[in-house]
Structure formats: C-alpha cells, structure tokens
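Protein chains in written order, with this note's numbering: chain W, 22 to 299; chain R, 400 to 686. A short worksheet on the structure shown next.
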Amino acid sequence: MRARVAGGAWRLPVVLLFGIFLSFPFYWMLITSFKRTGDLYDLQNNPFLFNERPTLDHWRLLFRETLYLRWLGNTAFVGVLVVAITLALAVPAAYSLARLAGRWGERAGIAMFLMYLVPPSLLFIPLSRVVAALGLQDTLWSLVLVYPTFTVPFSTWLLMGFFKSIPRDLEDAALVDGFTRVAAFWRVVVPIAFSGILTVAIFSFTLVLQEFVYALTFISSASQQTVGVGVPIFLVRGDVYYWGSLMAACLFASVPVAILYNVFLDRFIAGLTAGAVK
Amino acid sequence: MAGALLLLPATFYIFALVGVPFLLAIFYGVTDIKVASDGYEIVGARNFRGILASPTFRLALRNSFLFAVSSQVLVIACATALALALQEPFRGRRAVRFLILLPWVAPISLGAIGWKWILDSIYSVINWVLAAAGLVNPMEPPMWLGEPGLAMVSVVTVHVWRMLPFATVVLLAGLTSIPRDIPEAAAVDGAGFWRTHFGVTLPMIRPIVLVASLFGIIFTFTDMAVVYILTRGGPHDATQVLPSLAFFTGILGGDLAGGAAISLFLFPMLLAAALLMLRVARRSEVT
Chain W
22 MRARVAGGAW RLPVVLLFGI FLSFPFYWML ITSFKRTGDL YDLQNNPFLF
72 NERPTLDHWR LLFRETLYLR WLGNTAFVGV LVVAITLALA VPAAYSLARL
122 AGRWGERAGI AMFLMYLVPP SLLFIPLSRV VAALGLQDTL WSLVLVYPTF
172 TVPFSTWLLM GFFKSIPRDL EDAALVDGFT RVAAFWRVVV PIAFSGILTV
222 AIFSFTLVLQ EFVYALTFIS SASQQTVGVG VPIFLVRGDV YYWGSLMAAC
272 LFASVPVAIL YNVFLDRFIA GLTAGAVK
Chain R
400 MAGALLLLPA TFYIFALVGV PFLLAIFYGV TDIKVASDGY EIVGARNFRG
450 ILASPTFRLA LRNSFLFAVS SQVLVIACAT ALALALQEPF RGRRAVRFLI
500 LLPWVAPISL GAIGWKWILD SIYSVINWVL AAAGLVNPME PPMWLGEPGL
550 AMVSVVTVHV WRMLPFATVV LLAGLTSIPR DIPEAAAVDG AGFWRTHFGV
600 TLPMIRPIVL VASLFGIIFT FTDMAVVYIL TRGGPHDATQ VLPSLAFFTG
650 ILGGDLAGGA AISLFLFPML LAAALLMLRV ARRSEVT
C-alpha cells in the first residue's frame with residue numbers, strides 16, 4: 022500500500038496558470054502570423070479571433086522579400102563549424118579530465134566550468150578589438166572564432182560526466198588486447214559515449230542559435246547576420262514593425278530547436294548531474 | 400603525461416579568447432582608448448572615478464541588482480510550485496513539458512520580440528483584455544514599455560518567463576532524485592502537504608536550488624538582449640543595466656575604455672556568485 026504524499030486538486034490550476042504564461046507568446050506569434058494586416062490593426066476586433074480570413078501574406082513576405090532564409094543559412098553555417106571546433110577541443114579535454122586522477126583533475130574541471138560563467142557582456146568590448154585586428158569584423162568567421170569560448174567549457178563539463186560513467190576496465194581490457202591508447206579511445210570509449218557526444222553537439226548548436234551580444238557587436242551588415250540578431254534588428258525597417266512577418270520569423274526559428282532540445286533533454290540532465298556527482 | 404596533453408588545445412583556446420580579452424578589458428579600463436583612434440594613453444583610475452560619479456551608471460547598477468534579484472526570487476517561488484505540480488506523472492506530461500520549456504529553448508532575442516508585440520503601446524493584447532474587463536480606460540491604456548515603473552515590471556516579467564523553465568527542470572530533477580519512501584514515510588507519520596514539502600523534501604534539495612538560482616542570477620545580471628530589444632534601456636534609463644550601458648558606451652558610443660570599465664563592474668558580482676556556488680557544491684558533497 023502506498024501512502025499518498027499530497028492531494029492533487031491544486032496541481033491542475035498551477036500547471037494551467039504557468040503553462041499559459043510560458044507558452045502564450047508562442048501562441049500569439051502563431052495567430053499573429055496568419056492574420057490579415059487590417060485585422061491586426063483594427064482596435065475594434067477581438068484579437069483572439071480571426072475577424073477576417075487567415076492569410077499567408079506575412080510568411081510569403083518573410084521568405085521571398087527579406088533576408089530571412091539567408092540568416093537561417095548563416096546561422097546553420099556558424100553552428101556547424103562551431104560544433105566541429107567544439108567537439109575537436111572538448112572531447113579530448115573532457116576525456117583527459119575524466120581520467121586524470123586526484124584533486125588536480127577535479128580542480129581543472131571546476132576551472133573549466135567557471136570559464137562558462139564568464140559572460141559575453143564582460144568580453145565583447147576587448148573581443149571586438151581582437152576580431153578587428155584579425156580582419157574578421159563584419160564576417161561570420163568572427164562568430165566561428167568566438168562562439169567556442171562558451172560552447173567548449175560547457176561541452177567539456179558535460180562530456181566529462183559522460184566519460185566518467187564509462188568503467189576504466191573496458192579500456193584496460195582493450196589495451197590488454199593489443200589496442201593502442203588512441204585506438205582504445207576510438208574503438209571503445211567513443212562508441213559508448215556516442216549519445217553523450219551527440220547531446221553535446223545539439224546543445225552547442227542551440228547555444229549558437231541563442232547568442233545575441235557577440236553577433237550584434239561584431240557584425241554590421243544585414244546580409245551577414247544570424248537569425249537571432251537579423252530578425253529583431255534588421256527586419257524592423259526604420260520604426261516600422263511588420264508584426265505579422267516578425268512573429269512568423271520568431272516562431273519558425275524557435276520551434277524546431279525546441280523539438281530537438283526536448284528529445285535530448287533527459288540525457289542532458291543526466292549528463293549535468295553525472296558531471297556534478299563523481 | 401599524455402593525459403594533460405589532450406587538455407592543451409582547449410586550454411589554449413580558452414586562454415587566448417577568454418583569459419586574454421579579460422586582461423585586455425582591465426587594461427582598456429585604465430586607458431582612454433577609442434574605437435576611432437589607434438593611440439591611447441594610460442589614465443589610471445580616471446574612467447572608474449568618472450563612472451562612479453555618473454548618475455546613469457548608478458541607476459544602471461541599481462537596476463542590474465534589482466532585475467537579477469527580483470526576477471530570481473520570483474523564478475524560484477514559481478518554479479517550486481510548478482515542479483511540485485509536475486512531479487507526479489500524468490497524461491500529457493510530455494506535451495506540457497514541451498510547452499513549458501519553449502521560453503528557455505527559443506532564442507531569447509526572438510522571444511523578446513514576441514513580448515514587444517504583446518506589450519505594444521497601441522495593439523497590446525493585455526490592454527485589450529483589461530479594457531474588455533473594464534479595468535483600464537481604452538483611451539488611455541497603460542504604456543507597458545513607455546513608463547518607467549511599468550517598463551521595469553515588463554523587463555522583470557520577461558526575465559522570469561525566460562528563466563522559469565530552466566529552474567523548473569532543475570528542481571524537478573532534484574525532486575526526482577529523492578528516494579520515494581522519504582516523503583511517503585513523512586506522510587505516514589501524519590505530515591500534511593506543507594510539512595512534507597517545506598519540512599522534508601525541499602530542504603533536501605536546497606543545494607540544487609541554490610546552485611540553480613546563482614546560475615540564474617549570473618545569467619540575468621549579465622544579459623542585455625531583453626533590455627536592448629524591449630526598451631533600449633529607456634525610458635530615460637529606467638531599465639538601463641550594466642551590460643546594455645557598456646554596449647551603448649563602448650560599441651555604439653565608440654568609447655572602448657569607458658565601456659570596458661563599466662562591464663568590469665560585473666566581475667565582483669560574478670566572482671561572488673561563482674565562489675558561493677562552489678561552496679554549496681562542496682558542502683553538499685561532504686554530507
């Protein structure tokens with residue numbers, strides 16, 4: 022017989038209340054993006070309803086007459102390269118931290134985690150100078166160079182947890198079987214940690230998508246923007262907000278990431294706690 | 400040591416692009432460097448004295464603390480309620496989780512644009528509802544982003560909206576890690592809902608709550624996307640924060656030295672939060 026810990030009647034209103042608060046802006050993006058302009062700007066209309074027939078005009082404008090697709094492409098370009106750099110740096114680093122014995126390894130791991138806490142708003146001014154000195158200002162390469170500064174510490178910390186959960190005996194057995202250290206790592210450790218590595222790749226990509234300050238600082242021309250800055254800054258012409266297209270742009274870029282994120286969330290949490298608990 | 404060798408590339412990258420720029424920020428802070436010119440002179444503490452005397456800076460410093468602390472207090476309170484409500488499995492839990500996570504996952508600059516439309520001066524849906532309920536005069540609706548007090552409330556609300564999903568997920572993970580028989584034993588012993596949670600389970604996950612809220616404070620304290628998109632720091636600097644002031648001064652205003660000096664004021668706060676986080680983590684390891 023199980024004891025009931027708490028009654029359930031209060032749960033539904035709480036979930037409903039916060040659920041509406043959290044998801045309402047996305048519902049609002051959806052409904053706005055399909056409304057006719059006249060319908061949107063008529064104060065007499067009930068904004069929750071379609072007072073005129075829905076339209077695809079805002080979506081058409083977004084994809085045909087703005088740089089939106091270009092921005093999505095730019096973001097994907099930066100994202101893929103940053104993930105590649107991140108994995109190349111973080112996988113070996115995390116493996117070494119996971120296998121380093123004693124306090125030294127633990128301290129290095131904590132130092133790596135602390136690097137993740139150094140925010141862009143502390144570094145963007147000197148980095149703008151560094152980027153300019155390298156001749157990368159106003160190019161996507163500036164972002165490719167700088168974004169690993171937050172994806173690498175984050176990924177190393179997560180991967181360290183995944184690697185620690187792999188028993189050392191497995192590698193030792195491979196060594197006994199005549200594998201070299203490197204071969205043992207590639208043939209034994211990487212396949213087991215593959216889901217962890219994939220999780221890290223996905224999360225690094227979402228971090229790239231969410232970044233705002235560096236892209237705003239380093240890049241000035243509209244055609245070189247990522248979606249996170251292009252939409253809020255360059256889709257607004259003068260003081261004119263094309264709300265229908267803006268909301269379509271926000272929704273279209275947000276939902277696929279959210280789906281990906283959700284698929285990997287449980288592994289992500291497992292990784293976080295595995296990294297924290299030795 | 401082959402092991403340490405593997406650590407080298409990542410360490411070098413981080414040192415070159417986090418460590419060096421950080422030192423550069425300190426160096427810029429004591430010079431008079433500008434975007435336009437190549438030369439500069441060392442001016443010592445002049446920038447910092449000037450900043451501390453500036454009313455805009457003081458306002459931004461106050462706002463930064465106000466935003467970070469008030470939004471995190473709200474986030475932790477709401478996340479506790481939401482995590483307790485979501486703890487037991489129910490039908491449609493995965494769909495609810497998806498919807499609840501959206502604000503955290505979606506790029507914040509895009510979420511903030513969504514809010515800018517919801518809080519629009521003329522077409523705000525909130526004002527429509529309030530007017531329909533007879534709570535405000537439709538001729539003079541509240542200007543959510545145009546009046547100092549309301550603009551603050553709006554920015555805090557958007558920060559809460561953004562951080563609540565993350566805090567809830569962390570709290571849920573903490574609650575799930577508690578062995579089931581502990582709250583059940585408390586219930587058998589006659590503890591009611593409040594005693595069970597506020598006396599037993601929540602104290603058990605206190606370390607994780609502390610780490611989550613420190614992380615949230617760092618995140619909110621250093622964020623400028625919400626303020627930049629919603630209000631540009633206005634009206635009359637009422638929502639100006641340190642990161643946005645550093646951006647306006649250093650990048651848009653071209654005063655690299657002044658901007659760097661302003662952003663350095665973030666550092667003591669970050670250091671304190673990080674040290675506290677480590678202490679909490681270490682103490683919870685011992686017990």
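Glycine included, every Cβ here is placed at the ideal spot set by N, Cα and C. These figures come from a predicted structure and were not determined experimentally.
8 Å Cβ cutoff met for residue i and residue j
i	j	result
residue 288 of chain W	residue 177 of chain W	no
residue 103 of chain W	residue 62 of chain W	no
residue 233 of chain W	residue 560 of chain R	no
residue 509 of chain R	residue 252 of chain W	yes
residue 35 of chain W	residue 481 of chain R	yes
residue 602 of chain R	residue 623 of chain R	no
residue 429 of chain R	residue 419 of chain R	no
residue 274 of chain W	residue 506 of chain R	yes
residue 470 of chain R	residue 619 of chain R	yes
residue 636 of chain R	residue 409 of chain R	no
residue 527 of chain R	residue 565 of chain R	no
residue 455 of chain R	residue 644 of chain R	yes
residue 450 of chain R	residue 439 of chain R	no
residue 90 of chain W	residue 269 of chain W	no
residue 109 of chain W	residue 184 of chain W	no
residue 226 of chain W	residue 174 of chain W	no
residue 616 of chain R	residue 672 of chain R	yes
residue 611 of chain R	residue 569 of chain R	yes
residue 665 of chain R	residue 621 of chain R	yes
Nearest candidate by alpha-carbon position, reference residue i, set the options
i	options	result
residue 583 of chain R	R:573, R:571 and R:600	R:600
residue 519 of chain R	R:541, R:602, R:504 and R:499	R:541
residue 33 of chain W	R:492, R:414, R:435 and R:572	R:492
residue 49 of chain W	W:277, W:267, W:282 and W:213	W:267
residue 95 of chain W	W:173, W:279 and W:242	W:242
residue 427 of chain R	W:147, W:212, W:57 and W:31	W:147
residue 258 of chain W	W:74, W:86, W:31 and W:188	W:86
residue 111 of chain W	W:89, W:172 and W:59	W:172
residue 586 of chain R	R:528, R:598 and R:575	R:598
residue 47 of chain W	R:499, R:469 and R:579	R:499
residue 126 of chain W	R:653, R:626, R:526 and R:404	R:404
residue 575 of chain R	R:497, R:609 and R:487	R:487
residue 567 of chain R	R:448, R:473, R:581 and R:461	R:473
residue 276 of chain W	W:31, W:44 and W:38	W:44
residue 411 of chain R	W:79, W:170 and W:156	W:170
residue 164 of chain W	W:101, W:130 and W:72	W:101
residue 117 of chain W	R:407, R:656 and R:531	R:407
residue 606 of chain R	R:544, R:678 and R:533	R:678
residue 434 of chain R	R:682, R:667, R:670 and R:657	R:657
Anticipated Cβ contact below 8 Å, residue i with residue j, distance rounded
i	j	result
residue 694 of chain R	residue 264 of chain W	The requested residue 694 of chain R is not part of the displayed model; chain R covers only 400 to 686.
residue 139 of chain W	residue 421 of chain R	7 Å
residue 417 of chain R	residue 144 of chain W	7 Å
residue 161 of chain W	residue 99 of chain W	5 Å
residue 625 of chain R	residue 552 of chain R	At roughly 13 Å, the Cβ-Cβ gap does not stay under 8 Å, so residue 625 of chain R and residue 552 of chain R are not in contact.
residue 214 of chain W	residue 254 of chain W	Actually they do not touch by this definition, with Cβ atoms about 39 Å apart.
residue 192 of chain W	residue 209 of chain W	6 Å
residue 248 of chain W	residue 80 of chain W	About 15 Å; that fails the 8 Å criterion.
residue 573 of chain R	residue 604 of chain R	4 Å
residue 634 of chain R	residue 546 of chain R	7 Å
residue 629 of chain R	residue 544 of chain R	6 Å
Per DSSP, the bridge partner or partners of residue i
i	result
residue 258 of chain W	W:261
residue 430 of chain R	R:441
Where residue i falls, given that 16 or more other Cβ within 10 Å makes a residue buried
i	result
residue 260 of chain W	exposed
residue 189 of chain W	exposed
residue 423 of chain R	buried
residue 446 of chain R	buried
residue 114 of chain W	buried
residue 67 of chain W	exposed
residue 22 of chain W	In this prediction, residue 22 of chain W has a pLDDT of 39, which is less than 50 and means its spatial position is unreliable; what the coordinates show is noted afterwards. Exposed: under 16 other Cβ atoms inside 10 Å.
residue 129 of chain W	buried
residue 686 of chain R	Because residue 686 of chain R sits at a pLDDT of 44, beneath the cut-off of 50, its placement in the model cannot be relied upon, and the following sentence gives the value as read from the coordinates. It is exposed - the Cβ of residue 686 of chain R has fewer than 16 other Cβ atoms within 10 Å.
residue 299 of chain W	For residue 299 of chain W, the predicted model reports a pLDDT of 37, less than 50, meaning its position is unreliable and no value from the coordinates is stated.
residue 613 of chain R	buried
residue 648 of chain R	buried
residue 414 of chain R	exposed
residue 141 of chain W	buried
residue 26 of chain W	Only weak support exists for where residue 26 of chain W lies, its pLDDT of 49 falling under 50; the value from the coordinates is given anyway. The residue in question, residue 26 of chain W, is buried, as its Cβ has 16 or more Cβ neighbours within 10 Å.
residue 53 of chain W	buried
residue 60 of chain W	buried
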